[in-house]
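Here the structure comes first, spelled out in structure tokens, and everything after it is commentary.
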Amino acid sequence: MRQLTISQALREALYEEMSRDESVFVIGEDIGHYGGMFEVTQGFLKEFGPTRVIDTPISEAAIAGAAIGAALAGMRPVAEIMYCDWMTLAMDQIVNYGAMLTYAYGGQVKIPVVIRTTVGSWTVGAQHAKSLEAWLFHVPGLKIVMPCTPYDAKGLLKSAIRDDNPVICVEHKMIYRETGWVPEEEYFVPIGVADVKREGRDVTVIATGKMVLEALQAAGDLEKEGLSVEVVDPRTLSPLDTETLVASAKKTGRVLVVHEAWRQGGVGAEIAAVLSEAAFGSLRQPVRRLAALDVPPPFSPALEPVVKPDAAKIVAAIRSMMV
Amino acid sequence: MSAETDRPLLLKMYRDLVLTKAYNGRLVELKAQGKIHGPIHQTTGQEAVGIGACAALRPDDYVISTHRGYPEWIARGIDLKKLSAEIFGKAAGLCRGKGGEMLLADPSVGILCSTAIIGGGLPIGVGVALAAKRRNKGQVAMVFFGEGAANTGAFHEALNLAAVLKLPAIFICLNNQWAISTPIWIAMAVKHVADRAAAYGMPGDHVDGNDVLAMYEHARKAVEAARAGTGPSLIEGETYRIGGHSSTDRLQGEYMPAANVAYWKERDPLPRLRSHLLAREVASEAELAVIEAAVEKEAAEAVAFGLEAPFPEPAEAARGVFV
Numbered sequence: 001m002r003q004l005t006i007s008q009a010l011r012e013a014l015y016e017e018m019s020r021d022e023s024v025f026v027i028g029e030d031i032g033h034y035g036g037m038f039e040v041t042q043g044f045l046k047e048f049g050p051t052r053v054i055d056t057p058i059s060e061a062a063i064a065g066a067a068i069g070a071a072l073a074g075m076r077p078v079a080e081i082m083y084c085d086w087m088t089l090a091m092d093q094i095v096n097y098g099a100m101l102t103y104a105y106g107g108q109v110k111i112p113v114v115i116r117t118t119v120g121s122w123t124v125g126a127q128h129a130k131s132l133e134a135w136l137f138h139v140p141g142l143k144i145v146m147p148c149t150p151y152d153a154k155g156l157l158k159s160a161i162r163d164d165n166p167v168i169c170v171e172h173k174m175i176y177r178e179t180g181w182v183p184e185e186e187y188f189v190p191i192g193v194a195d196v197k198r199e200g201r202d203v204t205v206i207a208t209g210k211m212v213l214e215a216l217q218a219a220g221d222l223e224k225e226g227l228s229v230e231v232v233d234p235r236t237l238s239p240l241d242t243e244t245l246v247a248s249a250k251k252t253g254r255v256l257v258v259h260e261a262w263r264q265g266g267v268g269a270e271i272a273a274v275l276s277e278a279a280f281g282s283l284r285q286p287v288r289r290l291a292a293l294d295v296p297p298p299f300s301p302a303l304e305p306v307v308k309p310d311a312a313k314i315v316a317a318i319r320s321m322m323v
Numbered sequence: 001m002s003a004e005t006d007r008p009l010l011l012k013m014y015r016d017l018v019l020t021k022a023y024n025g026r027l028v029e030l031k032a033q034g035k036i037h038g039p040i041h042q043t044t045g046q047e048a049v050g051i052g053a054c055a056a057l058r059p060d061d062y063v064i065s066t067h068r069g070y071p072e073w074i075a076r077g078i079d080l081k082k083l084s085a086e087i088f089g090k091a092a093g094l095c096r097g098k099g100g101e102m103l104l105a106d107p108s109v110g111i112l113c114s115t116a117i118i119g120g121g122l123p124i125g126v127g128v129a130l131a132a133k134r135r136n137k138g139q140v141a142m143v144f145f146g147e148g149a150a151n152t153g154a155f156h157e158a159l160n161l162a163a164v165l166k167l168p169a170i171f172i173c174l175n176n177q178w179a180i181s182t183p184i185w186i187a188m189a190v191k192h193v194a195d196r197a198a199a200y201g202m203p204g205d206h207v208d209g210n211d212v213l214a215m216y217e218h219a220r221k222a223v224e225a226a227r228a229g230t231g232p233s234l235i236e237g238e239t240y241r242i243g244g245h246s247s248t249d250r251l252q253g254e255y256m257p258a259a260n261v262a263y264w265k266e267r268d269p270l271p272r273l274r275s276h277l278l279a280r281e282v283a284s285e286a287e288l289a290v291i292e293a294a295v296e297k298e299a300a301e302a303v304a305f306g307l308e309a310p311f312p313e314p315a316e317a318a319r320g321v322f323v
């Protein structure tokens with residue numbers, strides 16, 4: 001075991017898969033010479049060459065479409081849409097082709113494409129700060145993973161690349177330098193399996209992305225007050241591991257869902273509905289949600305923290321659930 | 001041997017033209033009689049672009065096509081019975097009835113994607129060409145689109161990316177001059193779609209799209225260049241849509257100037273090829289009659305197969321989202 005950052009862990013996953021299988025290649029903006037906006041493909045151009053590390057013009061529709069087309073024709077591309085905010089430019093290709101063709105073509109084709117993208121705000125303003133995973137979550141035909149630790153990041157990206165279906169890998173741009181233990185030997189994290197990151201008895205926090213880390217911090221703070229907080233990380237948004245989420249809800253009877261995406265129509269709304277359907281009898285109170293205020297992300301450092309959840313807000317929410 | 005006297009090539013193109021007219025014509029009639037679900041896009045007078053262009057391909061080349069793709073589907077040797085079943089939404093269809101006329105594929109004849117979202121197939125085609133280049137067997141991707149697609153963002157991104165990556169893509173524009181009720185002369189500020197090729201650094205040919213031999217010759221040169229590694233090119237086959245956009249066109253093309261329609265009706269590709277075959281003594285009237293009879297039979301049997309085939313079981317609806 002050694003300590004890696006999330007960026008390093010993703011890099012290892014990509015490196016191993018590209019070394020193992022010639023049909024795996026990366027394509028996107030600034031991923032080659034520059035090594036990736038968030039350093040994930042550092043050194044790849046030198047190692048694998050320009051036919052497998054493809055720097056593109058600013059053309060999100062073509063990046064996504066070309067990746068899907070190459071997958072249709074037998075390759076295993078890993079495309080990058082640098083900020084999920086620009087996923088909007090690639091939505092036709094992702095939704096009307098990537099998500100649909102396996103079904104619409106009656107199983108005659110497979111689309112083994114991975115699209116990596118980033119979410120999360122970081123004081124650069126509304127067009128580089130959103131979390132749009134709920135848009136893709138709504139579309140059948142896409143798998144969506146959202147790792148927040150180096151262990152999960154490496155394991156899930158490897159699984160995503162091996163999967164013969166389209167997988168979106170959602171990475172939070174503010175946690176690329178978070179460290180964690182990663183085995184030396186090869187391993188995979190299966191898609192569709194949640195992880196109880198911290199066991200507890202009194203309340204369940206289901207969180208995604210960076211909010212998992214915030215929830216763990218909140219749980220540590222609350223432990224000093226004698227509260228036992230269970231933190232569950234779905235790790236895969238779609239397909240959702242409802243079994244694990246329901247089991248935790250039944251165990252504690254109190255659930256708080258936390259995500260950095262907007263509240264209205266966020267993934268948390270689906271989780272709350274699922275728990276209401278499957279665990280109603282065990283719940284002592286309605287499922288609560290803590291999410292971003294339904295406003296565009298403001299730029300000012302004085303405003304940005306106001307709209308997002310964080311450990312302090314999680315603590316306050318849980319306290320209010322315990323009365 | 002010149003194409004003008006290459007008997008097998010010419011007879012194949014003749015057969016394809018006759019069959020496309022016979023088959024598509026039957027579907028248009030059936031739709032008008034209310035006997036089938038879903039839209040039918042007529043190809044009357046526009047058959048030579050796809051048939052001439054595809055005659056330049058090898059069996060292992062790829063085709064990306066559109067909702068009006070009958071000429072290229074037939075030229076590539078699609079199973080006409082399975083195509084009928086698909087268009088009628090039957091279980092025996094190419095796509096188990098789940099795609100329909102507007103969203104189908106037949107990878108066994110290289111048709112990896114046929115789509116009805118205008119322009120969407122272009123980035124997909126770029127990806128297919130990317131895979132073809134990686135595989136290094138001289139395969140090319142022939143990407144069909146209409147003149148309406150030449151105004152989409154996807155067209156711009158796709159042609160640019162194909163050019164900078166020097167991909168073996170041949171972009172074939174079926175310019176039938178009408179996008180539903182929108183004529184090309186109000187939709188484009190330049191006269192020819194082919195004029196735009198220079199903007200992407202690729203060759204652009206403007207061709208009489210109703211001259212199947214001219215389409216073949218231009219496509220052959222473009223395909224050879226692509227195989228040789230010199231990159232993509234654009235061929236615009238100018239033709240005319242004789243009739244409405246599809247069965248969904250409530251005005252059935254009434255908005256089209258009668259003089260234009262009459263002019264182009266005189267230039268139908270089939271009589272032109274027929275005259276050529278007879279004048280150059282490539283085939284006799286008797287030989288052509290044999291082809292015509294065989295084609296009529298094939299079209300009739302394919303349509304009958306589709307009509308008689310059963311619909312899918314309800315359980316099929318939930319199957320096949322992922323492989």
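If you read the protein sequences in the order shown, they are chains A and B.
Each residue of the first sequence is one higher than the last, beginning at 1 in my numbering.
Each residue of the second sequence is one higher than the last, beginning at 1 in my numbering.
A virtual CB, placed ideally from N, CA and C, is assigned to each residue, including glycine.
Contact under 9 Å by Cβ, residue i with residue j
{"i": "E147(B)", "j": "M188(B)", "result": "yes"}
{"i": "A215(A)", "j": "I314(A)", "result": "yes"}
{"i": "K98(B)", "j": "Y103(A)", "result": "yes"}
{"i": "N210(B)", "j": "P257(B)", "result": "no"}
{"i": "L213(B)", "j": "E4(B)", "result": "yes"}
{"i": "R267(B)", "j": "G45(B)", "result": "yes"}
{"i": "S247(B)", "j": "H41(B)", "result": "yes"}
{"i": "K158(A)", "j": "V205(A)", "result": "no"}
{"i": "A279(A)", "j": "G127(B)", "result": "no"}
{"i": "L161(B)", "j": "T56(A)", "result": "yes"}
{"i": "L277(B)", "j": "L11(B)", "result": "yes"}
{"i": "A22(B)", "j": "A309(B)", "result": "no"}
{"i": "L156(A)", "j": "R235(A)", "result": "yes"}
{"i": "P314(B)", "j": "A91(B)", "result": "no"}
{"i": "V229(A)", "j": "L275(A)", "result": "no"}
{"i": "V332(A)", "j": "A160(A)", "result": "With chain A running from 1 to 323 in the structure shown, residue 332(A) is simply not present."}
{"i": "S114(B)", "j": "G121(B)", "result": "yes"}
{"i": "I6(A)", "j": "T149(A)", "result": "yes"}
{"i": "G93(B)", "j": "H37(B)", "result": "no"}
{"i": "S233(B)", "j": "I184(B)", "result": "no"}
As assigned by DSSP and simplified to three states, the class of residue i
{"i": "T252(A)", "result": "helix"}
{"i": "M87(A)", "result": "helix"}
{"i": "F322(B)", "result": "coil"}
{"i": "Q8(A)", "result": "helix"}
{"i": "D6(B)", "result": "coil"}
{"i": "P183(B)", "result": "strand"}
{"i": "S247(B)", "result": "coil"}
{"i": "N160(B)", "result": "helix"}
{"i": "I124(B)", "result": "helix"}
{"i": "R319(A)", "result": "helix"}
{"i": "S284(B)", "result": "coil"}
{"i": "S121(A)", "result": "coil"}
Inter-residue Cα distance where the pair is residue i and residue j
{"i": "M75(B)", "j": "A55(B)", "result": "Just to set this straight, residue 75(B) is Ala in the shown sequence, not Met. So the two alpha carbons sit approximately 7 Å from each other."}
{"i": "G36(A)", "j": "I168(A)", "result": "17 Å"}
{"i": "Y51(B)", "j": "E296(B)", "result": "Correcting the residue type first, residue 51(B) is Ile in the shown sequence and not Tyr. Straight-line Cα distance between these residues: approximately 18 Å."}
{"i": "R116(A)", "j": "R58(B)", "result": "35 Å"}
{"i": "F25(A)", "j": "E80(A)", "result": "11 Å"}
{"i": "A64(A)", "j": "L227(A)", "result": "46 Å"}
{"i": "D30(A)", "j": "R177(A)", "result": "19 Å"}
{"i": "Y62(B)", "j": "W178(B)", "result": "26 Å"}
{"i": "R201(A)", "j": "K251(A)", "result": "7 Å"}
{"i": "V140(B)", "j": "P168(B)", "result": "5 Å"}
{"i": "V287(A)", "j": "C84(A)", "result": "28 Å"}
Runs of 4 residues minimum, wholly inside the stretch 207-263 of chain A: which ones carry the alpha helix (DSSP H) assignment? Scanning the stretch 207-263 of chain A for uninterrupted alpha helix (DSSP H) segments of 4 residues or longer gives 210-223, 242-252, listed from N- to C-terminal end.
Which ranges would you report for the beta strand (DSSP E) in the stretch 30-99 of chain B if only whole runs of at least 3 residues count? 62-66
Would you list, in chain order, the members of the stretch 209-243 of chain B that have their beta-carbon closer than 7 Å to a beta-carbon of chain A? none
Given a limit of 9 Å on CB to CB distance, which residues of the stretch 91-110 of chain B reach chain A? G93, L94, C95, R96, G97, K98, G99, G100, L103, L104, A105, D106, P107, S108
Give me the subset of the stretch 130-162 of chain B whose CB atoms are less than 7 Å from a CB atom of chain A, sorted by chain position. L130, A131, A132, R134, G153, A154, E157, A158, N160, L161
Can you pull out the residues from the stretch 52-73 of chain B whose beta carbon lies closer than 7 Å to at least one beta carbon of chain A? Y62
Please specify which runs of the alpha helix (DSSP H), each continuous and at least 4 residues long, are wholly inside the stretch 256-304 of chain A, giving them in chain order. As far as the stretch 256-304 of chain A is concerned, its whole alpha helix (DSSP H) runs of at least 4 residues are 267-279.
Tell me which residues of the stretch 143-161 of chain A have at least one Cβ-Cβ distance to chain B shorter than 9 Å, keeping chain order. K143
Every unbroken alpha helix (DSSP H) within the stretch 51-117 of chain A, with a cutoff of 4 residues, ordered by chain: For the stretch 51-117 of chain A, whole alpha helix (DSSP H) runs of length 4 or above, ordered along the chain, are 60-72, 101-104.
Scan the stretch 257-290 of chain A for residues whose Cβ lies nearer than 9 Å to a Cβ of chain B and list them as they occur along the chain. none
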